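Asker: Residue numbers (this note's numbering), protein chains in the order written: chain A, 349 to 675; chain B, 93 to 377.
Below you can see the structure in the form of structure tokens.
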């Protein structure tokens, strides 16, 4: 609509137009210049305000109320009641512990393997495209599909994993039943889906490292491992930090994998003894099975506080690193 | 920038790979692909065959039979159609709005640009679960639960997309081109149509693929907002797998296959571009 007001031909014939029209056009043109950037970013911010910021703040408000799932419109003031109840609930602490352990089990090996893989992919390779696409295929697989397949692979009686372990002389493991075994299995699903993706992100960062750095290191007699440690890793540190932040956020929200891993209708409890119930599952359990939306909101805000703590810690770490390197 | 990364790497690769490298990469490729292959194996045999030792390793002839059962057990056809509609709408609108905002952030001077861009990046870290409860209240009040708009509307544009297009356009679009068009008297919409969009097209294509994958695989909010009577593919899969312990495992795997095959097909055809897009989005952080 705006470009109709300032047609391209108008530039050639401004002196024929009456002064008032010319002033009007100039004003319109200036307004267009000033306003259009805001018009372009408006859809994002409107959408974010409506479906991101408002719900975020409103969740905090809901967390101070008793709200029943069946009558989500009626709210009763409870102050910090939901939070004190949360802190006295063993299942909350259990879920927090599980989120941390599954988080460590799924992110640390994943990122280390991704780093190693990226290093290998950075060599001159035949079939480069094949390796990259193969490693990215798990990323295209949905959480639901991947988890359904892996819970069969990890099956106690007929699962492929136990069959392979049996060939090696190891007895059957009840993957779903045990605490550690179930958490390792859930972490395996996460690792399977994301390792290749992170490897490609590292690879891209590695390819931006100037080649002379390696040549200088080689001249100084550094072998491949030393080059990796002293040239590659420091050069791609920002990317490493980025992936650490992204995967910690993902680990804090872990939901679909533990929900579907059990395979039964009681997925929301995270196993018969809650052995792999994460905070995300606990939130879902409180809100949509115990019908307490207020308590679920309190869990959500607790998760936000945890994320903020991770973010602050990360920032401090970066500052500390910088201060140490600079000093 | 998105597409040429793969080729450039070959020219400047550090050293030739040794046999150990090939062995490790092959092992990883096998581990990555095996669960997908085994989904196909399981989906084409039967529940009793899966429960035998040793487990089946080659496809059987039961695929059509299992498809038939899966189609009857959950609304698979409807789920596929719903997923196509939802992911299509979300992709189209995200790519459009992200391109507009990305262009403004990359090339247009305006007050508060840096602060607003930081805000966009910050919003990428807000987890979905935080907004689920009020969203559910809103959708319930509007009687939109179980209707597709409840999963489309909240995802009309994503911060990731804005950031991605901003990175793409700040490199791909020479600012002189925009200025020249302005000098020629072109208005904002004309500039957008004749200058920005043609240059942004490769970036938009990559972003579209990434958003489509993400939207197709979205799980938490659709599971809450929709039900088994009007599901997306992922919600239907949860219905297949979470139903009961005695459900036929071959049918579960068939569902997983149906839900994944469309995306894998896209990957097989456009894998190089997707790989390029992911790496390109990451480098310039």
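In this text, a Cβ means the ideal position worked out from N, Cα and C, and glycines have one as well. This one's a predicted model, so the numbers in the text were calculated from it and none came from an experiment.
Please classify residue 636 (chain A): does DSSP put it in a helix, a strand, or coil?
Answerer: Helix at residue 636 (chain A).
Asker: So which residues of chain A does residue 309 (chain B) contact, with C-beta pairs closer than 7 Å?
Answerer: Within 7 Å Cβ-Cβ: 490, 491.
Asker: Beta carbons nearer than 7 Å to chain A: which residues of the segment 265-289 of chain B have them?
Answerer: Correct list: 276, 277, 278, 279, 280, 281, 282.
Asker: Going by CA-CA distance only, name the one from A:373, A:636, A:529 that's closest to residue 502 (chain A).
Answerer: Nearest option by C-alpha distance: A:529.
Asker: Could you tell me the alpha carbon to alpha carbon distance between residue 193 (chain B) and residue 284 (chain B), rounded to whole angstroms?
Answerer: Straight-line Cα distance between these residues: approximately 12 Å.
Asker: Suppose you measure from the CA of residue 436 (chain A) to the CA of residue 527 (chain A); what does that come to, to the nearest Å?
Answerer: So the alpha carbons of these two residues sit roughly 22 Å apart.
Asker: Between the Cα of residue 272 (chain B) and the Cα atoms of B:287, B:368, B:180, which residue gives the shortest distance?
Answerer: Nearest of B:287, B:368, B:180 to residue 272 (chain B), Cα basis: B:287.
Asker: Measuring CB to CB, does residue 261 (chain B) end up less than 7 Å from residue 292 (chain B)?
Answerer: Yes; because the gap between Cβ atoms is below 7 Å, this pair is in contact.
Asker: In angstroms, rounded to a whole number, what distance separates the CA positions of residue 252 (chain B) and residue 143 (chain B)?
Answerer: Each residue's Cα considered, the two are about 43 Å apart.
Asker: Consider the Cβ of residue 145 (chain B): report whether some Cβ of chain A lies at a distance smaller than 7 Å.
Answerer: So, interface residue.
Asker: Could you round the C-beta distance between residue 217 (chain B) and residue 653 (chain A) to whole angstroms and report it? I think they count as a contact, below 8 Å.
Answerer: No, residue 217 (chain B) and residue 653 (chain A) are not in contact; Cβ-Cβ is about 13 Å, not under 8 Å.
Asker: In the structure shown, what three-state DSSP assignment does residue 472 (chain A) receive?
Answerer: DSSP places residue 472 (chain A) in strand when its eight states are reduced to three.
Asker: Among A:562, A:591, A:588, A:549, whose alpha-carbon lies nearest the alpha-carbon of residue 578 (chain A)?
Answerer: Selected option, being the one with the closest Cα: A:562.
Asker: Between the segment 366-394 of chain A and chain B, which residues of the former have CB atoms less than 7 Å from a CB of the latter, in chain order?
Answerer: From the segment 366-394 of chain A, only 380, 384, 385, 386, 388, 389, 391, 392 have a Cβ closer than 7 Å to chain B.
Asker: Exposed or buried, residue 305 (chain B), counting other C-beta atoms within 10 Å across all chains shown (16 or more means buried)?
Answerer: Looking at its Cβ environment, which holds 16 or more other Cβ atoms inside 10 Å, residue 305 (chain B) is buried.
Asker: Can you check which of these residues, A:395, A:489, A:422, A:542, is closest to residue 381 (chain B) by C-alpha distance?
Answerer: The question about residue 381 (chain B) has no answer, for chain B in this structure spans 93 to 377.
Asker: Around the C-beta of residue 212 (chain B), are 16 or more other C-beta atoms found within 10 angstroms, so that it is buried, or is it exposed?
Answerer: Result: buried.
Asker: Output, in sequence order along the chain, the residues in the segment 604-635 of chain A whose CB is closer than 7 Å to any CB in chain B.
Answerer: Of all residues in the segment 604-635 of chain A, 604, 608, 611, 612, 613, 615, 628, 631, 635 have a Cβ within less than 7 Å of some Cβ in chain B.
Asker: Under DSSP, the alpha helix (DSSP H) around residue 418 (chain A) begins and ends at which residues?
Answerer: Counting along the chain, residue 418 (chain A) falls outside any alpha helix (DSSP H), and DSSP gives it neither H nor E.
Asker: Return the first residue and the last residue of the alpha helix (DSSP H) that residue 321 (chain B) is part of.
Answerer: Taken as a continuous stretch (DSSP letters only), residue 321 (chain B) belongs to no alpha helix (DSSP H), as it is neither H nor E.
Asker: What residue does the alpha helix (DSSP H) around residue 514 (chain A) start on, and which one ends it?
Answerer: 508-515 is the span of the alpha helix (DSSP H), which, as asked, contains residue 514 (chain A).
Asker: I'd like to know if residue 652 (chain A) contacts chain B, where contact means its C-beta is closer than 7 Å to some C-beta of that chain.
Answerer: Yes, its Cβ sits closer than 7 Å to a Cβ of chain B.
Asker: Would you kindly work out how many angstroms separate the C-alpha atoms of residue 607 (chain A) and residue 242 (chain B), rounded to a whole number?
Answerer: Approximately 22 Å between the Cα atoms of the pair.
Asker: Given this structure, state the Cα-to-Cα distance separating residue 196 (chain B) from residue 391 (chain A), to the nearest angstrom.
Answerer: If I take the Cα positions, the gap works out to 12 Å.
Asker: Using a Cβ-Cβ cut-off of less than 7 Å, give me the residues of the segment 405-426 of chain A that come near chain B, in sequence order.
Answerer: Under the 7 Å Cβ criterion, the segment 405-426 of chain A contributes 406, 407, 410, 420, 421.
Asker: Would you verify that the beta carbon of residue 204 (chain B) is, or is not, closer than 7 Å to some beta carbon of chain A?
Answerer: With 7 Å as the cut-off, residue 204 (chain B) does not count as an interface residue toward chain A.
Asker: Is it buried or exposed for residue 382 (chain A), if we count other Cβ within 10 angstroms and need 16 for buried?
Answerer: The residue in question, residue 382 (chain A), is exposed, as its Cβ has fewer than 16 Cβ neighbours within 10 Å.
Asker: Mapping DSSP to helix, strand and coil, what is residue 98 (chain B)?
Answerer: Annotation note: pLDDT 38 at residue 98 (chain B) (below 50); position unreliable, coordinate value reported separately. Helix, per DSSP.
Asker: Write down every uninterrupted run of the alpha helix (DSSP H) in the segment 136-217 of chain B whose length is 4 residues or greater and which is fully enclosed by it, in chain order.
Answerer: Qualifying alpha helix (DSSP H) stretches, in chain order: 139-142, 155-165, 168-199, 205-215.
Asker: Over the uninterrupted alpha helix (DSSP H) stretch that includes residue 624 (chain A), give me the two end residues.
Answerer: Neither: residue 624 (chain A) is in no alpha helix (DSSP H) and is coded neither H nor E.
Asker: Restricting to Cα atoms, I'd like to know which of A:465, A:513, A:521 is closest to residue 547 (chain A).
Answerer: Residue A:465 is the option with its Cα nearest to residue 547 (chain A).
Asker: Going along chain A in order, which residues have a C-beta closer than 8 Å to the C-beta of residue 233 (chain B)?
Answerer: Per Cβ cutoff of 8 Å: 420, 421.
Asker: May I ask you to verify whether the segment 311-325 of chain B touches the segment 125-138 of chain B, counting CB pairs closer than 8 Å and requiring at least 3?
Answerer: Short answer: they don't touch.
Asker: Answer yes or no: does any C-beta atom of chain B fall closer than 7 Å to that of residue 509 (chain A)?
Answerer: Answer no: the Cβ-Cβ gap between residue 509 (chain A) and chain B never drops below 7 Å.
Asker: Since residue 189 (chain B) and residue 249 (chain B) should fall inside the 8 Å C-beta cutoff, what is the C-beta to C-beta distance between them, to a whole number of angstroms?
Answerer: Going by Cβ atoms, the distance from residue 189 (chain B) to residue 249 (chain B) rounds to 4 Å, so yes, they are a contact pair.
Asker: Which residue comes first and which comes last in the alpha helix (DSSP H) that contains residue 495 (chain A)?
Answerer: Residues 491-501.
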